[in-house]
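Taking this note's numbering, the leading residue of the sequence shown gets 35, the next gets one more, and so forth. All C-beta atoms, glycine included, are put in the ideal place defined by N, C-alpha and C. Below: the structure, in structure tokens.
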Amino acid sequence: MRSDVTHFQCRISDEIAFINLIRPDRKNPLTFDSYAELRDWFRDLKYADDVHAVVFGSNGGNFSSGGDVHDIIGPLTRMDMKELLQFTRMTGDLVKAMIHCGKPIIAAIDGVCVGAGAIIAMASDLRIATPSARVAFLFNRVGLAGCDMGACSILPRIIGYGRASELLYLGRSMSAEEGERWGFFNNLAEPEDLEAAASDLAKRIVAGPTFANSITKTMLVQEWSMTIDQAIEAEAQAQAICMQGNDFKKAFDAFVAKEKPVFGGN
């Protein structure tokens with residue numbers, strides 16, 4: 035998996051990709067270029083054999099302030115409908131790429147996490163935050179609808195319809211305590227422990243059956259639009275595929291030998 039990116043930082047270590055937005059002096063805003071490069075990177079990740087988990091981290095005490103006011107917001111006010119739709123589809127494609135990349139994504143959130151930054155956190159599989167983290171879906175506050183980049187579909191599935199409605203209608207900040215209580219955050223960590231907590235979680239995932247983890251992520255997404263009967267049948271097929279893999283046999287052999295299995299991702 036390539037780490038030679040330009041518009042965000044990327045480091046790959048022990049089958050984990052550690053990425054974060056840049057320009058901490060501006061609370062790590064997104065630009066047209068960083069949107070596109072992240073989209074392409076997550077699309078390529080689906081086919082990468084050297085990365086099995088992603089930690090999307092904070093930088094300089096903040097996660098992201100969302101779309102850059104000067105680089106994105108200003109130009110958007112001067113675009114025609116065709117250009118605007120090209121932009122909104124491109125930002126949505128980033129979320130699609132994250133959801134369909136086949137690798138678990140952990141968002142490590144400190145400080146400001148708003149707008150498109152909140153969407154990136156939402157589109158991740160797991161979220162760890164510091165007590166000072168503040169998440170806000172600000173679209174309503176700038177005169178836009180809350181239905182941005184899949185928010186009206188994904189957010190209610192995480193925190194429930196009523197709570198999601200409150201955040202999307204009002205654009206108010208969700209505190210770290212609320213986020214943990216509502217299930218948006220899996221847990222909280224002090225700022226000095228945030229990166230280590232996210233890294234430890236990623237290492238636990240990578241030490242597991244990574245092919246099976248990829249199947250789990252795929253089914254979590256695909257079953258949104260399935261009936262119960264369809265989901266049960268799809269899971270039967272998915273599990274049968276996993277049962278043909280070496281990791282399933284390794285787990286059985288380790289159990290018999292009273293040892294801890296060492297998975298190979300196949």
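Same chain, Cβ closer than 8 Å to residue i, neighbours up to 5 away in sequence not counted
| i | result |
| --- | --- |
| E71 | V39, T40, H41, F42 |
| I162 | I140, A141, A142, I143, F219, N220, N221, L222, A223, L228, A231, A232, L235 |
| R191 | W258 |
| A22 | There is no way to answer for residue 22, as the model of the chain reaches only from 35 to 300. |
| V148 | S98, S99, G100, R168, V169, A170, F171, L172, S207 |
| I50 | V85, H86, A87, V88, V89, S233, A236, K237, V240 |
| I46 | M35, S37, F52, D84, V85 |
Pair within 8 Å by beta-carbon distance, residue i and residue j
| i | j | result |
| --- | --- | --- |
| P63 | G100 | yes |
| V169 | G196 | no |
| M35 | D84 | yes |
| A150 | M183 | yes |
| P165 | K251 | no |
| K283 | V296 | no |
| C135 | L55 | no |
Integer-rounded CB distance, given that residue j should sit under 8 Å from residue i
| i | j | result |
| --- | --- | --- |
| N174 | L204 | 7 Å |
DSSP-derived helix/strand/coil call for residue i
| i | result |
| --- | --- |
| A152 | helix |
| I275 | helix |
| M208 | strand |
| R36 | coil |
| V103 | helix |
| I266 | helix |
| S92 | coil |
| V240 | helix |
Heavy atom of the ligand FMN within 7 Å of residue i beta-carbon
| i | result |
| --- | --- |
| T125 | The ligand content of the structure shown is nil, which means the ligand FMN is not present either. |
query = Could you give the uninterrupted runs of the alpha helix (DSSP H) lying entirely in the region 162-197, keeping only those of 4 residues or more?
reply = Runs found: 185-193.
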